[in-house]
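Undergrad: Take 1 as the starting number for the sequence shown in the UniProt record's numbering and just add one per residue. We put the CB at the ideal spot given by N, CA and C, even for glycine. Here the structure is a predicted model, which is why all the values come from computation and not from measurement. To start, I am sharing the structure in question, which I have written as structure tokens.
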Amino acid sequence: MIKIHDNLKIKKTRYDFTISIDNASTFELLCEAYEMKKSDMIDLIIENFAKGNLKLKHHIQSIAEQKRALKAKCESELSLFTKSEDAC
Numbered sequence: 001m002i003k004i005h006d007n008l009k010i011k012k013t014r015y016d017f018t019i020s021i022d023n024a025s026t027f028e029l030l031c032e033a034y035e036m037k038k039s040d041m042i043d044l045i046i047e048n049f050a051k052g053n054l055k056l057k058h059h060i061q062s063i064a065e066q067k068r069a070l071k072a073k074c075e076s077e078l079s080l081f082t083k084s085e086d087a088c
């Protein structure tokens with residue numbers, strides 16, 4: 001997996017999404033209890049959820065395998081020096 005440079009990790013992106021009222025209330029309580037900003041709390045939740053998530057790991061491995069297969073296909077199709085059976 002590609003490592004992200006430390007300077008890029010601190011940059012933020014904005015997401016707009018809706019959640020249920022119950023989850024929003026719980027989220028507000030979590031932010032208050034941990035005395036964290038909402039954006040920092042979301043980062044913490046996602047980091048902790050993703051650590052042991054096998055489905056996410058499998059998805060990342062699947063993407064990497066698809067990239068390798070595509071790269072191999074492109075290299076074989078673009079190679080000017082492919083071996084052919086008709087070559088002398």
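Among the candidates K11, F27 and K12, whose CA atom is the shortest distance from the CA of T18?
TA: Among K11, F27 and K12, the Cα nearest to that of T18 belongs to F27.
Undergrad: Where I42 and S79 are concerned, what is the direct C-alpha to C-alpha distance, given to the nearest angstrom?
TA: 46 Å
Undergrad: Pull up the distance between the alpha-carbon of S76 and that of K67, whole angstroms please.
TA: 14 Å
Undergrad: Helix, strand or coil: which one does DSSP assign to R68?
TA: helix
Undergrad: Within its chain, find whatever has a CB closer than 7 Å to the CB of R30; leave out the 5 residues flanking it on each side and keep chain order.
TA: The displayed chain sequence assigns Leu, not Arg, to residue 30. Excluding positions up to five away in sequence, the list reads M41.
Undergrad: According to the Cβ coordinates, are L56 and A50 closer than 7 Å?
TA: Taking 7 Å as the cut-off, the beta carbon of L56 is found closer than this to the beta carbon of A50.
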